[in-house]
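These notes concern the structure reproduced below.
Residue numbers (the working numbering): 549 to 1184.
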């Protein structure tokens, strides 16, 4: 006999949606604006819930509860943030503007605390920032907390940095200065000290299924047949053992416990944390480790279809209660997977790890072909989305290019990655870099690279091309389309901080070498052309100013340009008025001349935007070693 379907089970079709909307309409506390949001986005959220939780008896109950949560959050949303929502609705491509410029920093290392960040707002305006990403700042365990990526509370700021009230006030100050606040949202896992984790281990009602906990090794062993170790130096496999002998899923460090999103109560709880932060004035959430958020036996448990459905469902919830907020994807995976997370209905913006890695690859090999290839075939994005282009981040550099792409150029991926690791940690002939290996495996040679931009580019080593490489790398991030992102301090040529080795909580993680404290002397020297800091700052801020005044740099459209030199990366950024900007970057150690014939498809009269002068293309164009040109041109 077939079991009766529970009355609360989700069903395909409009019935559940009509019922929930009817309840909203009947409620005297529902305002018209929220009801309009719900009518627009609830059908999509319902469809996603059916696909994720349609087999659960509590699916409809959880969906209705989630809509009520969004309704209450909207009612509490400050008036100025509602006004921002409306403004963003009228200008949905605001983040694609040529005036966008991001900065990222650790609060404590850059400014001591949130009050120190507030004191830096005049400098941020001087630099031209419109987007400020503050690295993890929530309450986390004492000692090693993976740089704050083990969150113990999403509603409390680390007391050493300030309070949630200070964060909300800072967000308002930044907003008045034209700067959007960005924070990390670590939602694959919590710390083992989080209230949910403690209740789950204790078996508290409602929390038993918040994490993936097993009584013995049977299921962990089955899962680990197909999952990979992320931090083998910390623990083997994907699970760690609890004090009582049970096993809990921990993809990353042993104190970071993965949440169980197969339970819709976890989804609702995490949506509540997102909505809370949105109402504090956070405008962009960096969605951390998006590839890992769904588990299925017999798979790698990475980038599964349900991971996308979860992100889309969170997106739909936020569109109802905080429609001006954006999601930023962080997926350091195969290029095909990276782009799969990017859409207006999932993550509107995304890190561009391929361009970052291949910029460094090109500088090491003095060959721009792999980067050129990536710009030709892997740069395009759906309308209404954008890349976040960066030279380096707080994290290590992994060589995420596709082996099949490299093979087309006669490059064998595995030995090439080993060469790049050796090059950037100073073990290869001809290296200019002073990087440090991260998670190096002596048996396999696998590793990633850490180091500040200046140290990796050659400034620390005193290489003559070091400063030019720093400018070239940033010039590419500024011109390829999307939001360019500066690691603050790199604009004044900050070097590696080897002092991390003497700090016990950091000594085991070489990534701290490129998370230095604010380079006070560098900032003091930024107007002194006799120092590396002064020269880098002057040249980089000139590029920023030019970008801001160049409408062709808005949006994401890019047309490859073959300069007929392996060392030259070239592309056109078309504008609305018929003009284009031709970008040329020579990653080689020697000057090259681009022949008149190569440029013959362009009107010969051009403007060098960086130099601010008219130039003729009739004799061709010479690019110095590590040189960059931004030329406003017209097609014949």
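All residues carry an ideal CB built from backbone N, CA and C; glycine is no exception. The structure presented is a predicted model; accordingly, all values stated were derived computationally and were not measured.
> residue 1112 to residue 847, Cα distance in whole Å?
Replying inline: Rounded to whole angstroms, residue 1112 to residue 847 spans 44 Å at the Cα level.
>> Only counting the same chain, and skipping five residues up and downstream in sequence, which positions put a Cβ closer than 6 Å to that of residue 961?
In response: In chain order, 951, 954 place their CB closer than 6 Å to the CB of residue 961, counting only its own chain and leaving out the 5 sequence neighbours on each side.
>> Can you tell me which residues form a DSSP beta bridge with residue 805?
In response: BP columns for residue 805 point to 738.
>> Which of the three DSSP states is assigned to residue 934 in this structure?
In response: Strand.
>> For the ligand MN, is there any heavy atom lying closer than 7 Å to the beta carbon of residue 1174?
In response: In the structure shown, the ligand MN is absent, as is every other ligand, since no ligand is present at all.
> Cβ atoms of residue 859 and residue 875: under 8 Å apart, would you say?
Replying inline: Contact: yes.
> Is the beta carbon of residue 732 sitting closer than 8 Å to the one on residue 683?
Replying inline: A contact, by the Cβ cut-off of 8 Å.
>> Looking only at its chain, what residues have a beta carbon closer than 7 Å to the beta carbon of residue 789, apart from the 5 residues adjacent to it on each side?
In response: 795, listed in sequence order.
> Just checking my contact of residue 836 with residue 777 at CB under 8 Å: how many whole Å lie between their CB atoms?
Replying inline: That belief does not hold up - the Cβ atoms of residue 836 and residue 777 are roughly 19 Å apart, past 8 Å.
> What number of angstroms, rounded off, separates the C-alpha of residue 967 from the C-alpha of residue 994?
Replying inline: If you draw a straight line from the Cα of residue 967 to the Cα of residue 994, it is about 11 Å long.
> Grouping DSSP H, G and I as helix and E and B as strand, with all else coil, what is residue 920?
Replying inline: In the three-state reduction of the DSSP assignment, residue 920 falls in the helix class, which pools H, G and I.
> Which residues in the same chain have their Cβ closer than 7 Å to the Cβ of residue 741, if we skip the five residues on either side of it in sequence?
Replying inline: Here the set comprises 689, 700.
> How close, in whole Å, do the beta carbons of residue 1013 and residue 1174 come, if the pair is a contact with beta carbons under 8 Å?
Replying inline: Yes, residue 1013 and residue 1174 are in contact; Cβ-Cβ is about 5 Å, under 8 Å.
>> Quick check: the segment 1102-1117 against the segment 902-916, are at least 3 beta-carbon pairs closer than 8 Å?
In response: Contact holds: three or more Cβ-Cβ distances are below 8 Å.
>> Just to confirm my understanding: we take residue 625, look at its own chain, exclude 5 residues before and 5 after, and list those with CB closer than 6 Å. What are they?
In response: These residues qualify, in order along the chain: 827.
>> Ignoring anything shorter than 3 residues, give me the beta strand (DSSP E) runs that lie fully in the segment 708-735, in order along the chain.
In response: Considered as a whole, the segment 708-735 harbours 728-733 as its complete beta strand (DSSP E) runs of no fewer than 3 residues, in chain order.
> Hey, quick one: how far does the alpha helix (DSSP H) through residue 744 stretch, first residue to last?
Replying inline: Here the alpha helix (DSSP H) through residue 744 covers 743-750.
>> Going by C-alpha to C-alpha distance, which of 725, 663, 667 sits closest to residue 708?
In response: It is 663 whose Cα lies nearest to the Cα of residue 708.
> What did DSSP end up calling residue 562 once you bin it into helix, strand or coil?
Replying inline: Under the three-state reduction of DSSP output, residue 562 falls in the coil class, being neither helix nor strand.
> Is the distance from the Cβ of residue 1070 to the Cβ of residue 1042 below 8 Å?
Replying inline: Contact: yes.
> Is the beta carbon of residue 822 less than 8 Å from the beta carbon of residue 807?
Replying inline: Not a contact, by the Cβ cut-off of 8 Å.
>> Once DSSP output is grouped into helix, strand and coil, what is the label at residue 1108?
In response: Annotated three-state conformation of residue 1108 is strand, per DSSP.
>> Less than 6 Å between C-beta atoms, sequence neighbours within five positions excluded: which residues of the same chain meet that for residue 555?
In response: Annotation note: pLDDT 44 at residue 555 (below 50); position unreliable, coordinate value reported separately. So no residue of the chain qualifies.
>> Give me, in chain order, the residues of the same chain whose beta-carbon lies closer than 6 Å to that of residue 965; leave out the 5 immediate sequence neighbours on both sides.
In response: These residues qualify, in order along the chain: 947.
> Under the three-state reduction of DSSP, which class applies to residue 811: helix, strand or coil?
Replying inline: Reduced to three states, the DSSP call for residue 811 is coil.
>> Under 8 Å, with one C-beta from each stretch per pair, do the segment 634-646 and the segment 586-604 reach the 3-pair mark?
In response: Touching, no, given that fewer than three Cβ pairs across the two stretches are closer than 8 Å.
>> In the DSSP output, what is residue 832 paired with across the bridge?
In response: For residue 832, which the question treats as bridged, DSSP gives the partners 730, 874.
>> Given this structure, state the Cα-to-Cα distance separating residue 765 from residue 802, to the nearest angstrom.
In response: So the alpha carbons of these two residues sit roughly 16 Å apart.
> residue 551 to residue 581, Cα distance in whole Å?
Replying inline: Interpretation of residue 551 is limited by its pLDDT of 40, a score under 50 that renders its predicted location unreliable; the figure taken from the coordinates is listed afterwards. Spanning the two alpha carbons is a distance of roughly 41 Å.
> Taking only runs of the beta strand (DSSP E) that begin and end inside the segment 1018-1073, which ones reach a length of at least 3 residues, in chain order?
Replying inline: Runs of the beta strand (DSSP E) lying entirely within the segment 1018-1073, each at least 3 residues long, are 1031-1035 in chain order.
>> Restricting to Cα atoms, I'd like to know which of 888, 949, 829, 1003 is closest to residue 930.
In response: That would be 888, whose Cα lies nearest to the Cα of residue 930.
> On the three-pair Cβ rule with 8 Å, is the segment 1130-1143 touching the segment 1051-1068?
Replying inline: Judged by Cβ distances under 8 Å, the segment 1130-1143 makes no contact with the segment 1051-1068, as fewer than three pairs qualify.
>> What would DSSP say about residue 1179, mapped onto helix, strand or coil?
In response: It is a strand residue.
> Between residue 719 and residue 729, which are expected to be in contact by the criterion C-beta below 8 Å, what is the C-beta distance as a whole number of angstroms?
Replying inline: Contact annotation, residue 719 with residue 729: C-beta distance approximately 4 Å; criterion of less than 8 Å satisfied.
>> In the DSSP assignment, the beta strand (DSSP E) including residue 1146 goes from what residue to what residue?
In response: Per DSSP, residue 1146 is not a residue of any beta strand (DSSP E), being assigned neither H nor E.
>> Per the DSSP calculation, residue 1134 is bridged to which residue(s)?
In response: The beta-bridge partner set that DSSP reports for residue 1134 consists of 1116.
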